[in-house]
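Participant:
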Amino acid sequence: MNREPDPKKAQAAAAAARIIRPSQLTARERGGGVRTIPLVTQAHGATTFINGITIFAPGAAVPLHSHNCEESVVILEGHAIVEIDGHEFEVGPQETTFLPGGVPHRFRNASNTESMRILWTYASVNANRTIIATGDTRRIDAEHGHRS
């Protein structure tokens, strides 16, 4: 069966499309020299994934944590040490991680003089983060000041 695209659906999808410019967004302080810029969020109309950029000051790290969904992280600039389930790996620009839900991990800036940037994508708009040391669980969108 060959079906023609529905022009109304295509028009609605085009109207929902967005260009997001990180340079025009305010980074949210997460403490310890870590700041995040949420990019695609439910507030932009996302229904299946969210993403953003996190900036690490020299030597900064996030605590060991896990998520309720898959996550992918791309190193945009700088070098990181990523700890995945107790094992550490060095990663650099354009190198990418895939993390299944529930796997404890964390990123830290490998440099004490230069910043590091990552692009993260969660496979769910309902992604959350559980800090391993405390068991504290929070939705990613609430953590970044967005809650739809």
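Using our numbering, you'd call the opening residue of the sequence shown number 6 and step up by one each time. Don't be surprised by glycine CBs; every beta carbon is placed ideally from N, CA and C. Source: prediction; values computed, not measured.
(1) Whose C-beta lies closer than 6 Å to the C-beta of residue 59 among residues of the same chain, with five residues either side of it excluded?
(2) Where are the beta strand (DSSP E) runs, 3 residues long or more, that stay fully inside the stretch 7-66, in chain order?
(3) Report the residue from 57, 75 and 29 whose alpha carbon sits nearest the alpha carbon of residue 102.
(4) In terms of residue numbering, what span does the alpha helix (DSSP H) encompassing residue 145 cover?
(5) Hey, quick one: how far does the beta strand (DSSP E) through residue 135 stretch, first residue to last?
(6) In three-state DSSP terms, what is residue 92?
Facilitator: To lay it out plainly:
(1) What you label residue 59 is simply residue 54 of the sequence shown in a count that begins at 1. Contacts found: 41 and 123.
(2) 33-36, 39-43 and 55-61
(3) For the purposes of this step, residue 102 is taken as residue 97 along the sequence shown, with counting starting at 1. Between residue 102 and the set 57, 75 and 29, the nearest pair of CA atoms involves 75.
(4) Taking the first residue of the sequence shown as position 1, residue 145 is located at position 140. Element bounds for residue 145: 145-148.
(5) Within the sequence shown, residue 135 is the residue found at index 130, counting from 1. 133-136 is the extent of the beta strand (DSSP E) around residue 135.
(6) Residue numbering aside, residue 92 sits at position 87 when the sequence shown is read from its first letter. Residue state, collapsed to three classes: strand.
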